[in-house]
Amino acid sequence: QVQLVESGGGYAQPGESLKLYCAASGSIGSDADMGWYRQAPGKERELVATVTSNGFLHESDFAGDRFLIARNMVKNTVDLEIRNLEPEDTAVYYCRLYISRTRDYWGQGIQVTVSS
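Residue numbers (my numbering): 54 to 169.
Shown next as structure tokens:
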């Protein structure tokens, strides 16, 4: 079994930065992809960025240079820094660890609210 614990996030004003943290524990192995998704109110969950077990980065078109993902393969953590926050970044952010279709784990979600 795998557990994901998320932290960080919260409230911020436009232009500020926030960091999200995710730590995985349990039987993970070496073939796990880890990353972040988000779900804004009234919208579907979407990829922000993920790092594969081989170290390849997959990110959304909107990620650009505002979303910085950092994965530590040894500690089984994945962090996300969101720079120059925009109101449109308001969403629940989810950490995901994917090994296979039957071993697909999600964190509980963490709220990010951007408002002036």
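By construction, the Cβ of each residue, glycine as well, lies at the ideal position given by its N, Cα and C atoms.
Bridge partners of Ala123 according to DSSP: Asp132. The segment 136 to 150 and the segment 89 to 102 touch, with no fewer than 3 CB-CB distances between them shorter than 8 Å. Ranked by Cα distance from Asn129, the options Ser70, Val101, Gly62 and Ala85 are led by Ala85.
In the three-state scheme derived from DSSP, where H, G and I count as helix and E and B as strand, Glu97 is classed as coil. Tyr158 sits away from Val58, with the two beta carbons spaced by 7 Å or more. Taking all protein chains in view, the Cβ of Thr155 is surrounded by fewer than 16 other Cβ atoms within 10 Å, so the residue is classified as exposed. The beta carbons of Ala77 and Val101 sit about 17 Å from each other, so the pair does not count as a contact at 8 Å.
Around the Cβ of Asp142, a 10 Å sphere holds 16 or more other Cβ atoms; the residue is buried. The Cβ atoms of Val167 and Leu138 sit closer than 7 Å to each other. For Gly79, the enclosing beta strand (DSSP E) stretches over residues Leu71 to Gly79.
The beta carbons of Gly62 and Ile163 sit closer together than 7 Å.
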